[in-house]
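Take a look at the structure set out below.
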Amino acid sequence: MRASELWSEEEYAAYLGNERHLFAWCLVKYGAVAPAQAQIAAKIRYPYESADEPHRGLIFHDEAWHWAMLHLFGESYCHTQPDLESPSPEYRSEVSRQLSDI
929 MRASELWSEE
939 EYAAYLGNER
949 HLFAWCLVKY
959 GAVAPAQAQI
969 AAKIRYPYES
979 ADEPHRGLIF
989 HDEAWHWAML
999 HLFGESYCHT
1009 QPDLESPSPE
1019 YRSEVSRQLS
1029 DI
């Protein structure tokens, strides 16, 4: 099955926007990154992938929390920041809020 058959363009765009938002939210909340810089970083981390891209959406296999913690604290964040190994309740609330807006 091709990636373009997994979701419509509208669904992909909504999911991409949601993940960008959550990634940027984490950078601001846990890394004290300025919102504008966080938005730029989110677009770099989550580039748009065309429908014919064979691995379109592969980045979605891990949630934005994980990618943001890697960005902020590096590969060993689970060891150096054990309190951030799992998504926080605030993050889960933000995810719920985002999903209710879709």
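So the sequence shown is numbered by the numbering used here: it starts at 929 and just counts up by one. Just so it is clear, CB atoms sit at the ideal spot from N, CA and C, and this is done for glycine as well.
Legend entry - Under the three-state DSSP convention, the category glutamine 1026 falls into: If DSSP states are grouped into helix, strand and coil, glutamine 1026 belongs with the helices.
Inset, instruction - Give me the Cβ distance between alanine 970 and alanine 952, rounded to the nearest whole Å; I'm assuming they're in contact under 8 Å. - result: Going by Cβ atoms, the distance from alanine 970 to alanine 952 rounds to 4 Å, so yes, they are a contact pair.
Inset, instruction - Can you tell me which of the three DSSP states glutamate 939 falls into? - result: In this structure, glutamate 939 counts as helix in the three-state DSSP scheme.
Inset, instruction - Can you tell me which of His949, Gln1026, Phe988, Pro1015 puts its alpha carbon nearest to the alpha carbon of tryptophan 935? - result: With distances taken between CA atoms, tryptophan 935 lies nearest to Phe988 out of His949, Gln1026, Phe988, Pro1015.
Inset, instruction - Quick one: give me the first and last residue of the alpha helix (DSSP H) that tyrosine 1005 is part of. - result: Start and end: 1005-1008.
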